[in-house]
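Q: Handing you this structure, nothing more for now.
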Amino acid sequence: MKILIMRLPGAGKTTLASELVPLIRAKWLNADQVRKEANDWDFSGEGIKRQAQRMADLAEKHKQDGQHVVADFFCPIQKEDNYSIQII
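Per our numbering, the sequence shown starts with residue -16, numbered consecutively.
Spelled out as structure tokens, the structure:
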């Protein structure tokens, strides 16, 4: 199972994920942490798509390994919001 939590900054995505992850024993993909590990702070349209794909790839890897996945993701552009939902 993959769960995507998306909202604007300060909406409580990380708080919700931090409560949900232990309840369902899931792997947590925090977008900020994933960006930090990739050293990719590009928030242009292309950067957002790249981050969405990175998150989707990681989520799918963990799902294939038999884990539930919770991904929290901020996506500031409506067009990329839809793209993120489709790939994750």
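Backbone N, C-alpha and C fix where the C-beta goes; we use that ideal spot for every residue, glycine too.
1) So, helix, strand or coil for residue 38, using DSSP?
2) Is it buried or exposed, residue -16, if we count other Cβ atoms within 10 angstroms and call 16 or more buried?
3) Give me, in chain order, the residues of the same chain whose beta-carbon lies closer than 6 Å to that of residue 13; leave out the 5 immediate sequence neighbours on both sides.
4) Per DSSP, residue 51 forms a beta bridge with which residues?
5) Whole angstroms is fine: what's the gap from residue 51's alpha carbon to residue 9's?
6) What distance in whole Å lies between the Cβ atoms of residue 7 and residue -4, which are believed to be in contact at a cut-off of 8 Å?
7) What whole-angstrom Cβ distance do residue 11 and residue 4 have, given they're in contact under 8 Å?
8) Under a three-way DSSP split, which group does residue -9 fall into?
A: Considering the structure as presented:
1) As a first step, residue 38 must be located in the sequence shown, where it is residue number 55. In the three-state reduction of the DSSP assignment, residue 38 falls in the helix class, which pools H, G and I.
2) Against the sequence shown, residue -16 aligns to sequence position 1. Per the 10 Å Cβ criterion, exposed.
3) As a first step, residue 13 is located in the sequence shown; it is residue number 30 there, counting from the start. Answer for residue 13: 55, listed in chain order.
4) Counting from one through the sequence shown, the residue named residue 51 turns up at place 68. Per DSSP, the beta-bridge partners of residue 51 are 9.
5) For the purposes of this step, residue 51 is taken as the residue at position 68 of the sequence shown. For the purposes of this step, residue 9 is taken as the residue at position 26 of the sequence shown. Rounded to whole angstroms, residue 51 to residue 9 spans 5 Å at the Cα level.
6) Along the sequence shown, read from residue 1 onward, the residue named residue -4 stands at position 13. Along the sequence shown, read from residue 1 onward, the residue named residue 7 stands at position 24. With a Cβ gap of about 16 Å, residue -4 and residue 7 do not count as contacting.
7) To locate residue 11, count along the sequence shown from 1; it is residue 28. To locate residue 4, count along the sequence shown from 1; it is residue 21. Their Cβ separation, rounded to whole angstroms, is 5 Å, which keeps residue 11 and residue 4 in contact under 8 Å.
8) Against the sequence shown, residue -9 aligns to sequence position 8. Coil, per DSSP.
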